[in-house]
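S.K.:
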């Protein structure tokens, strides 16, 4: 196939999304003063970061709400091919969207709420799928050390598409001791950037993958080079990075900044508000499913690395002397990690040396 | 029109919803042990109540996620009739779904996250509607004394219906001092039940109202007895009960139990796990829009009071000697309240004396 797919043609148009995000952020910021009624205040630097942080006295309180996106549609399509529901996997993906964001600020996730909005009550009557979702949700909570506090399972005919489900999770955690707070104040030129491996597409770039599946003659059933089906590989569950971050904290290693690599791929690596250059000399291996997407959608490197995680699911910015130890601690949690780059003074940009790719600050307003 | 509408025919089938709720609750309960990793524990009695409570040391931490349901569809339909978007109103409804539930456990809401999932990025391009949503959300946060911490605004074509939006909110709060925890241990025969007025349908029973609108020749544009349009009255925003509960706490009045009256209407009044009888001698006035629904959908009293709030949005169970003071404190917050009933020993049931209506424990599994 010859078609090149970009993000706009696959249904996600960030330029349309951004204005309301900006308006919402301005309005949200104005409500911070309400906390003074209760004798507390927000940590203002957390606005624009991946989780919201409030100073609760003994500790900081962090909270977040995140959604899976459209990945359930891939699971539904693959069930028709293999008979498996894959809802255990996408349950983990949904939890990962929340906890992997929450831990970027140094928080330990404590509890999650489930939000499962179906297109009709009949969705829940499919016991196999519903039980897989429940089982996967529970397992992901156990892996993340969080209590599943409750949730909503509304049937929203007319709002959610018939037969579909909108999966989201909210998460509450604490930063304790308060010295674990990671909002980037300590980030400095010379810091090493450690990238933690991804397991595949995770939950970002899925619209692109769905569009590609629609263009392939065998769709999701297309075998990849390693013999697995494209759709099956797409459904490998997102890595949960909680235990790695907890191990690093227990080892008293200071994390100067952390970024969860989701939408916009490696552009997220320059999410920090400062003007700094992030130079990468080493690339993690690209998971086969992402190689497959890049090849068949004919994505140039610049587009691939600015829309997919390309093998890096999470980034830790630490002192150079700590980087090797971080890699070891991650490995002990079953997560391969790579000392991949370095922070330098210079204009805000990401330089991927092995590919000759460079992204500048103007490529996207990441904090909107 | 002659058709009698019941809940099943209007698209909400609670008998289909319940099994997954039960499975999810069993699985969720099993994850409580994960909190011991962090040296804390849940308040087990909060499971099955309206908000999840964790003992965080100095205070209890309460959290919740709630959704608006299908009320945005009413706003969308009314915009075609009057040109107003009404998204300011349904923003308040969404916040109310979360904060009014959170406060039942004695919590003070501190922060909320927005979850606005649209059927496509074009939803957010309608600046008037988007700005009304943002403005209404901010105003409801201000009225509730909470900080708007952030949120998600995904475009989920294929999951959310084209042109529609799935609105939800998560909320975090604290119970401080811990003596404010309200999980019903103190509830006893002899307690008075104070009902706080609703403003209309709030966000429960909306599927029924939508079905009714479809059967009326003039639909949402049908004038009611008071001259207002049916659809406009449906969109009166939900009362926020936060300031009333805070005023009661500041007055050192112990709340023995609290219930937010949402789905299942007055059946929620026997939500408490004990076997007790709730006898009502006084009924709050029924808002015109609920009178209109009951009349045109030909709802018998038993059905009306077990599916709609019928003028009572929130219930406080307090010592008889405190009831009059609770009414005064609510009035000072602009909320009319009624000393409406009394708790008695006896089988679990709600007796609405003026109507000769009685509900038993078997009418629904409210805690599932």
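Residue numbers (our numbering), protein chains in the order written: chain A, 16 to 383; chain B, 16 to 383.
Note that the Cβ used here is the ideal one computed from N, Cα and C, for glycine as well.
Treat the numbers as computed from the prediction; the structure is a model and nothing was measured.
1) Taking C-beta pairs closer than 7 Å, name the residues in chain A that residue 201/B reaches, listed in chain order.
2) Residue 39/B CB to nearest chain A CB: under 8 Å?
3) Classify residue 78/B as helix, strand or coil using the three-state DSSP reduction.
4) Would you say residue 49/B reaches chain A, if we count a Cβ-Cβ gap shorter than 8 Å as a contact?
5) Assign residue 252/A to one of two classes, buried (16 or more other C-beta atoms within 10 Å of its C-beta) or exposed (fewer than that).
6) Kindly confirm or deny that the region 289 to 296 of chain B and the region 77 to 85 of chain B touch, where touching means at least three C-beta pairs closer than 8 Å.
7) Which chain B residues are close to residue 146/A, counting only those with a beta carbon under 7 Å from its beta carbon?
8) Considering residue 70/A, what are the terminal residues of the beta strand (DSSP E) in which it resides?
9) Please look up how many angstroms separate the CB atoms of residue 388/A and residue 125/B, rounded, as I've assumed it's under 8 Å.
10) Determine, using beta-carbon pairs with one atom in the region 117 to 134 of chain B and one in the region 159 to 172 of chain B, whether at least three such pairs fall under 8 Å.
11) For residue 274/A, which residues in chain B fall below 8 Å Cβ to Cβ?
12) Give me the chain B residues within the contact set of residue 153/A, using Cβ-Cβ distance strictly less than 7 Å, ordered along the chain.
13) In whole angstroms, give me the CA-to-CA distance for residue 14/B and residue 139/B.
14) When the Cα atoms are used, what is the spatial distance from residue 383/B to residue 266/A?
15) Using the Cα positions of residue 186/A and residue 152/A, report the straight-line distance between them to the nearest angstrom.
16) Leaving out the 5 sequence neighbours to the left and right, which residues in its chain are closer than 7 Å to residue 262/A when beta-carbon positions are compared?
17) With DSSP collapsed to three states, give me the class of residue 381/A.
18) Tell me the DSSP bridge mates of residue 247/A?
19) Please decide whether residue 128/B counts as near chain A, where near means a Cβ-Cβ distance under 8 Å.
20) Suppose you measure from the CA of residue 112/A to the CA of residue 276/A; what does that come to, to the nearest Å?
21) Bridge partners of residue 281/B, per DSSP?
22) How would you list, in chain order, the residues of chain B whose beta-carbon sits under 8 Å from the beta-carbon of residue 181/A?
23) I believe residue 302/A touches residue 239/A by the beta-carbon criterion, under 8 Å. Please report the beta-carbon distance rounded to the nearest angstrom.
24) Mind pulling the chain B residues with CB within less than 9 Å of residue 217/A?
25) Find out if the Cβ-Cβ distance for the pair residue 209/B, residue 48/B is shorter than 8 Å.
26) Given this structure, state the Cα-to-Cα distance separating residue 7/B from residue 91/B, to the nearest angstrom.
27) Can you pull the chain A neighbours of residue 229/B, defined as C-beta to C-beta under 7 Å?
28) Tell me the DSSP secondary structure of residue 128/A in three-state form.
29) Take every Cβ of the region 350 to 368 of chain A, pair it with every Cβ of the region 225 to 233 of chain A, and state whether three or more of those distances are shorter than 8 Å.
30) When the cut-off is 8 Å and only beta carbons count, does residue 8/B lie next to chain A?
31) Taking the C-alpha atoms as reference points, what is the distance between residue 215/B and residue 144/B?
32) Answer yes or no: does any C-beta atom of chain A fall closer than 8 Å to that of residue 162/B?
33) Kindly indicate which three-state DSSP category residue 17/A falls into: helix, strand or coil?
34) Would you please verify whether the beta carbon of residue 352/A is less than 8 Å from any beta carbon of chain B?
35) For residue 51/B, count the other beta carbons within 10 Å of its own beta carbon; 16 or more makes it buried, fewer makes it exposed. Which is it?
36) With 16 as the cutoff for other CB atoms within 10 Å, does residue 241/A come out buried or exposed?
M.R.: According to the structure data:
1) Your numbering for residue 201/B matches position 186 in the second chain. Simply none; closest approach about 23 Å.
2) As a working mapping, residue 39/B is identified with position 24 in the second chain. Closer than 8 Å: yes.
3) Mapped onto the second chain, residue 78/B falls at position 63. DSSP places residue 78/B in strand when its eight states are reduced to three.
4) Sequence index remark: in the second chain, residue 49/B carries index 34 (1-based). It does: the Cβ of residue 49/B has a partner Cβ on chain A nearer than 8 Å.
5) In the first chain, counting from the first residue as 1, residue 252/A sits at position 237. Buried.
6) no
7) Here residue 146/A refers to the residue found at position 131 when the first chain is read from its first residue. Within chain B, the residues near residue 146/A are 38.
8) Within the first chain, the letter at position 55 stands for residue 70/A. Taken as a continuous stretch (DSSP letters only), the beta strand (DSSP E) holding residue 70/A covers 67 to 70.
9) For chain A, the structure presents residues 16 to 383; residue 388/A sits outside this window and is missing.
10) yes
11) Mapped onto the first chain, residue 274/A falls at position 259. None at all; the shortest Cβ gap to chain B is about 16 Å.
12) Indexing the first chain from 1 puts residue 153/A at position 138. Ordered by position in chain B, the residues that pass the 7 Å Cβ test against residue 153/A are 42, 45, 46.
13) No answer is possible for residue 14/B: the residues shown for chain B start at 16 and end at 383.
14) Sequence index remark: in the second chain, residue 383/B carries index 368 (1-based). Sequence index remark: in the first chain, residue 266/A carries index 251 (1-based). Confidence in residue 383/B is poor, its pLDDT being 38 and thus under 50, which makes the residue's placement too unreliable to answer from.
15) Taking the first residue of the first chain as 1, we reach residue 186/A at position 171. Taking the first residue of the first chain as 1, we reach residue 152/A at position 137. The alpha-carbon atoms of residue 186/A and residue 152/A are separated by roughly 13 Å.
16) Within the first chain, numbered from 1, the residue matching residue 262/A stands at position 247. Closer than 7 Å at the Cβ level, and outside the excluded window around residue 262/A, lie 344, 347, 348.
17) In the first chain, the residue the question calls residue 381/A occupies position 366. Summary for residue 381/A: the model assigns pLDDT 48, below 50, so the residue's position carries little reliability; its value from the coordinates is reported in the next sentence. Correct three-state label for residue 381/A: coil.
18) What you label residue 247/A is simply residue 232 of the first chain in a count that begins at 1. Paired residue(s): none; residue 247/A is not in a bridge.
19) Numbered from its first residue, the second chain carries residue 128/B at position 113. By this cut-off, residue 128/B is an interface position.
20) Position 97 of the first chain, counted from the start, is the residue given in the question as residue 112/A. Position 261 of the first chain, counted from the start, is the residue given in the question as residue 276/A. Distance between the alpha carbons of residue 112/A and residue 276/A is about 10 Å.
21) Taking the second chain and counting its residues from 1, one reaches residue 281/B at position 266. DSSP output for residue 281/B lists no bridge partner at all.
22) For this step, residue 181/A is matched to residue 166 along the first chain. Those within 8 Å of residue 181/A in chain B are 132, 171, 174, 175, 181.
23) On the first chain, position 287 is the one that residue 302/A refers to. On the first chain, position 224 is the one that residue 239/A refers to. About 10 Å separates the two Cβ atoms, so there is no contact after all.
24) Translated into positions along the first chain, residue 217/A becomes position 202. Within 9 Å Cβ-Cβ: nothing; residue 217/A doesn't reach chain B, min ~15 Å.
25) As a first step, residue 209/B must be located in the second chain, where it is residue number 194. As a first step, residue 48/B must be located in the second chain, where it is residue number 33. Cβ atoms of residue 209/B and residue 48/B: not closer than 8 Å.
26) With chain B covering 16 to 383 only, the question about residue 7/B has no answer from this structure.
27) Numbered from 1 along the second chain, position 214 holds the residue referred to as residue 229/B. Per Cβ cutoff of 7 Å: no residues; residue 229/B is ~11 Å from chain A at best.
28) Position 113 of the first chain, counted from the start, is the residue given in the question as residue 128/A. Reduced to three states, the DSSP call for residue 128/A is strand.
29) no
30) Because chain B here runs from 16 to 383, residue 8/B falls outside it and cannot be looked at.
31) To locate residue 215/B, count along the second chain from 1; it is residue 200. To locate residue 144/B, count along the second chain from 1; it is residue 129. In a straight line, the C-alpha of residue 215/B is about 23 Å away from that of residue 144/B.
32) By one-based count along the second chain, residue 162/B stands at place 147. So yes, residue 162/B belongs to the interface.
33) To locate residue 17/A, count along the first chain from 1; it is residue 2. Confidence is the limiting factor: at residue 17/A the pLDDT is only 40, short of 50, which leaves the residue's position unreliable, though a coordinate-based value still follows. Residue state, collapsed to three classes: coil.
34) As a working mapping, residue 352/A is identified with position 337 in the first chain. Chain B, which has no Cβ nearer than 8 Å to the Cβ of residue 352/A, makes this no.
35) Here residue 51/B refers to the residue found at position 36 of the second chain. Per the 10 Å Cβ criterion, exposed.
36) Numbered from its first residue, the first chain carries residue 241/A at position 226. Exposed, because fewer than 16 other Cβ atoms sit within 10 Å of the Cβ of residue 241/A.
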